[in-house]
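Trainee: Before I ask anything, here is the structure I am working with.
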Amino acid sequence: FFVSSANATPEFEGRGGEELGVDISNSLYRVFNNKHSVDANKLCISPGEHCWVLYVDVLLLQCDGNLYDAISIAIKAALFNTKIPKVFISSDDEGGKEIELSDDPYDCMRINVENVPCIVTLCKVGHRHIVDATLQEKACSVASLIMSVTHKGMVTCTRKVGGGSLDPESIFEMTEAGKRVGKALHAPLMKLLEQEESLGKKRQKVGFFEAEKQKDPAMEQMQKQINDIVQELNLLKEQQALQAVCLKGMKIHRKCYLVDPVRKSYHAASEDCSNLGGVLGTPTSSNENDQLRDYLRQSVNPGEQVWLGVSDMVKEGAWVDITSTNITYKNWDTSNGQPDGGRSQNCAVLSGASNGKWLDENCKEEKPSVCQFNIV
């Protein structure tokens, strides 16, 4: 493996480029240094004497993040298109062996790339991890996990990069997410390569200068499939992020709840939940409220109060959820006259000390909170 670039990224300037290129080459060697990735028997000409040697040269033209993943996809595509001439071995009068190539340029064999893995890089940002990270997202990452995954979801190689640390729970979550993403990536990639192969000479030739665009139904269909792959990857991003939340938190009905023990105001808690892709939690039934109460007692102080996504800031007494929809389920501690705060207390909390009953509190008070994520 040889990796180089003249203009892909500032990291390739000077000796830094040599080090990065060597680092990528060594990583690729680790990915392919096993008997499963490539069928080595196809490369054998004469056992113990002659064999074909595969050289992979990678030239990077532009880098916008996710470097290892893009390179692995390009390598799998290149190996798919590789044609190796058929070789015949004949013996001379003295018992020596001669290697002869077939006179037919189309008499060749292909490499089986079914088990060639794709690399998936997962970047840890805060308490979450990101797949297919951009340069900006990568800059926010403290550490990354690089893993190669086959079409069956088998991990052939893992490597941690970056100066930050990863706890065992994060490594497990990132590994499971990487296996799902890697496994889902192979099928559409192979379908696209096979369709491109079927076009034969009609395949669009791509150079450094874009030729005049011509409408080609086959190419438009191929572009549509590429867009579908991108959409599937984005959906997998959302699903693996939600899966991480469910693993850390509690799944109740069609929702995942995640407690944040850090004390903050109602508005700060609501904003943090929104940044994670959720909202402040709002139970909609007594069963859901009871399960949430039990989960909170296990996660924070059993007598703690946590913010819910319920308030009457717009109109006194008109309690709504985070989407400004009137709530139908309420669990106020009516035995103590709740809600009793008037205009000074417009935000609701779930109280562990009151057996999961709701109380109204001043929105500026700092309390733990619970985020809610809907499972679609």
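Residue numbers for the sequence shown follow my numbering, so the first one is 2 and each next one is one higher. Backbone N, C-alpha and C define an ideal beta-carbon position, used for all residues, glycine too.
One question on the structure: do Leu-297 and Gly-342 come within less than 8 Å of each other, judged by their Cβ atoms?
Mentor: The answer is no: Cβ separation not under 8 Å.
Trainee: Which residues bound the alpha helix (DSSP H) around Val-182?
Mentor: 169–199 is the extent of the alpha helix (DSSP H) around Val-182.
Trainee: If we count the other Cβ atoms within 10 Å of its Cβ and call it buried at 16 or more, is Pro-48 buried or exposed?
Mentor: So Pro-48 counts as exposed.
Trainee: Measure the beta-carbon distance from Glu-367 to Ser-266 and round it to whole angstroms, keeping in mind my assumption that it falls under 8 Å.
Mentor: Sure, about 6 Å apart at Cβ, within 8 Å.
Trainee: So Asn-375 and Asn-332 are in contact, right, with Cβ under 8 Å, and what is the actual spacing, rounded?
Mentor: Their Cβ separation, rounded to whole angstroms, is 20 Å, which puts Asn-375 and Asn-332 out of contact at 8 Å.
Trainee: With DSSP as the reference, label Pro-340 as helix, strand or coil.
Mentor: Reduced to three states, the DSSP call for Pro-340 is coil.
Trainee: Should Asp-93 go down as buried or exposed, given a rule of 16 or more other Cβ atoms within 10 Å for buried?
Mentor: Counting Cβ neighbours within 10 Å, Asp-93 comes out exposed, since fewer than 16 surround it.
Trainee: Which first and last residues belong to the beta strand (DSSP E) in which Tyr-258 is found?
Mentor: 256–265 is the extent of the beta strand (DSSP E) around Tyr-258.
Trainee: Is Glu-317 near Arg-294, with beta carbons less than 8 Å apart?
Mentor: Contact: no.
Trainee: Between Asp-40 and Trp-53, what straight-line distance do the alpha-carbon atoms span, to the nearest angstrom?
Mentor: Answer to the nearest angstrom: the Cα atoms are 12 Å apart.
Trainee: Would you report the Cα separation of Thr-159 and Glu-115, rounded to the nearest angstrom?
Mentor: Going by the C-alpha atoms only, they are around 20 Å apart.
Trainee: Anyone know if the C-beta pair for Lys-125 and Leu-167 falls short of 8 Å?
Mentor: Against a cut-off of 8 Å, the Cβ pair of Leu-167 and Lys-125 comes out as a contact.
Trainee: Given this structure, state the Cα-to-Cα distance separating Gly-179 from Asn-276, to the nearest angstrom.
Mentor: Computed Cα separation, rounded: 23 Å.
Trainee: Let me confirm a value: Gly-97 is counted as buried when at least 16 other C-beta atoms fall within 10 Å, else exposed. Which label applies?
Mentor: Classification of Gly-97: exposed, given that the 10 Å Cβ count is below 16.
Trainee: Considering only residues of the segment 275–355, which uninterrupted alpha helix (DSSP H) runs meet the minimum length of 4 residues and lie entirely inside it, listed in chain order?
Mentor: You should have 287–300.
Trainee: Are the beta-carbon atoms of Ile-112 and Leu-123 separated by less than 8 Å?
Mentor: Going by C-beta atoms, Ile-112 is not nearer than 8 Å to Leu-123.
Trainee: Name, in chain order, the residues that DSSP records as bridge partners for Asn-116.
Mentor: Looking at the DSSP assignment, Asn-116 forms no beta bridge with any residue, so it has no partner.
Trainee: Checking 8 Å against the spacing of the C-beta atoms, do Val-263 and Val-307 come in under that value?
Mentor: In this structure, Val-307 does not lie closer than 8 Å to Val-263 by Cβ.
Trainee: Can you tell me the Cα-Cα spacing of Gln-373 and Leu-60, whole angstroms?
Mentor: Between Gln-373 and Leu-60, the C-alpha separation is close to 45 Å.
Trainee: Would you mind sorting Gly-336 into buried or exposed? The rule is 16 or more other CB atoms within 10 Å of its CB.
Mentor: For the record, residue 336 in the displayed sequence is Ser; it is not Gly. Ser-336 comes out exposed.
Trainee: Is it true that the CB of Asp-334 sits closer than 8 Å to the CB of Leu-309?
Mentor: No. Outside cutoff.
Trainee: Can you list, in chain order, the residues of its chain with a C-beta nearer than 6 Å to that of Cys-364? Leave out the 5 residues immediately preceding and following it.
Mentor: Closer than 6 Å at the Cβ level, and outside the excluded window around Cys-364, lie Tyr-267, Asn-347 and Cys-348.
Trainee: For a test of the three-state rule: what should DSSP assign to Ser-370, helix, strand or coil?
Mentor: Correct three-state label for Ser-370: strand.
Trainee: Determine the DSSP secondary structure at Leu-62, reduced to helix, strand or coil.
Mentor: Reduced to three states, the DSSP call for Leu-62 is coil.
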